[in-house]
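Heads up, the sequence shown is in UniProt numbering, so the first residue is 1 and it goes up one at a time.
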Amino acid sequence: MALLNLPDGELYYEVHGSGPPLVFAHGLGGGFLSWWQQVPHFRKRFSCVVFSHRGFAPSRDGSGQGPRRFVDDLDALLQHLHVDDVRLVGQSMGGWSCLGYALRRPEKVRALVMACTTGQVTTPEIDAAINRLRGRATAAFMKGVHPAAGERMVRDQPAMHELYRGMDILGGADKRAIRDVLLGMRTVTARDLEGFEVPTLCMTSDEDFVCAPDSVAHLARMLVGGRFIKVPETGHSIYWERPALFNQLVDEFLDSVE
1 MALLNLPDGE
11 LYYEVHGSGP
21 PLVFAHGLGG
31 GFLSWWQQVP
41 HFRKRFSCVV
51 FSHRGFAPSR
61 DGSGQGPRRF
71 VDDLDALLQH
81 LHVDDVRLVG
91 QSMGGWSCLG
101 YALRRPEKVR
111 ALVMACTTGQ
121 VTTPEIDAAI
131 NRLRGRATAA
141 FMKGVHPAAG
151 ERMVRDQPAM
161 HELYRGMDIL
171 GGADKRAIRD
181 VLLGMRTVTA
191 RDLEGFEVPT
201 LCMTSDEDFV
211 CAPDSVAHLA
221 RMLVGGRFIK
231 VPETGHSIYW
241 ERPALFNQLV
251 DEFLDSVE
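In structure tokens:
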């Protein structure tokens with residue numbers, strides 16, 4: 001457990017286990033605790049790094065820049081840890097951080113997992129898929145369903161839904177403002193991805209109404225090293241709702257690129 005002092009804030013992080021570095025970047029409703037079902041599994045053979053993005057407790061954002069500094073922060077954290085060969089797992093919002101870092105320093109990234117996210121990528125196909133979901137998240141909230149969990153979790157795993165909702169509240173960030181900034185950062189085009197050869201697993205789920213499954217499939221097709229998996233009967237947070245399957249899929253992917 002440690003705090004990395006930044007020029008304009010602090011980044012809380014933890015390192016568990018030993019072996020090649022494996023970094024997890026959480027989504028809008030999470031924090032470093034999001035990965036409580038992944039760390040015990042992966043720390044057996046990886047150095048698992050979890051952190052809270054700036055503005056998400058207990059990290060601190062003194063700049064007001066929020067997501068605009070996420071890639072800089074991840075870069076600073078990996079330099080601080082002397083990491084030159086990393087595997088990245090980005091969930092939803094975390095995809096902005098991980099893809100952004102991989103685009104900046106592709107020579108340092110061994111593998112990338114984009115879980116229920118297209119990050120900052122924009123294409124007509126991705127934009128159309130995202131637009132088809134407009135209003136679904138608000139409608140879910142009105143029914144007492146956290147969009148990142150989904151109706152199936154409420155029905156089948158109510159305790160896990162309640163735990164996720166509580167973790168989201170403890171994060172303490174201004175989620176609406178952050179979401180608006182993230183949407184404005186969707187500026188990476190197909191041309192920007194030309195020559196991007198980092199092996200990338202694009203994972204989605206058939207009941208995700210936060211990040212359209214079709215958009216994730218399109219991202220996978222755009223990438224030279226892209227692979228695509230759709231998990232059935234699952235909402236936006238596969239890692240939380242189906243942890244054993246998520247861990248297995250990530251394990252198999254990492255094994256294939258080592």
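For each residue, glycine too, the CB sits at the ideal point set by N, CA and C.
query                                                                                                    : result
For Gly-4, the nearest candidate out of Arg-155, Leu-81, Ile-238 (CA to CA)                              : According to the sequence as given, residue 4 is Leu; it is not Gly. Nearest of Arg-155, Leu-81, Ile-238 to Leu-4, Cα basis: Leu-81.
Cα-Cα separation between Asp-72 and Gly-172, rounded to whole angstroms                                  : 21 angstroms
Paired residues, beta bridge with Met-153 - DSSP                                                         : According to DSSP, which records beta bridges pairwise, Met-153 is partnered with nothing at all.
Limits of the alpha helix (DSSP H) - the one that Arg-104 falls within                                   : 94–104
Cutoff 7 angstroms; reference Gln-120; Cβ partners in own chain excluding five residues on either side   : Trp-96, Leu-99, Gly-100, Met-185, Arg-186, Thr-187, Val-188
Alpha-carbon to alpha-carbon, Tyr-12 and Ser-47                                                          : 16 angstroms
According to DSSP, residues forming a beta bridge with Tyr-13                                            : Ala-2, Phe-51
Residue interval of the beta strand (DSSP E) (run including Pro-124)                                     : Run containing Pro-124: none in the beta strand (DSSP E); it sits in the alpha helix (DSSP H), 124–131.
Rounded C-alpha distance that separates Val-250 from Arg-132                                             : 29 angstroms
Cβ-Cβ distance between Val-113 and Met-203 below 8 angstroms                                             : yes
Of the listed residues Gly-225, Gly-90, His-218, Gln-79, nearest to Ile-126 (C-alpha basis)              : His-218
Nearest neighbour of Ser-256, chosen from Gln-65, Arg-43, Tyr-164, Arg-87 [CA to CA]                     : Arg-87
Beta-carbon proximity check, Thr-138 vs Cys-211, cutoff 8 angstroms                                      : no
Closest residue to Leu-77 among Glu-14, Ala-220, His-161, Gly-226 (Cα-Cα distance)                       : Glu-14
Cβ-based neighbour list, Ala-220, same chain, cut-off 6 angstroms, excluding 5 preceding and 5 following : Cys-202, Gly-226, Phe-228
Integer Cβ distance of Trp-35 from Val-50, believed to fall under 8 angstroms                            : 5 angstroms
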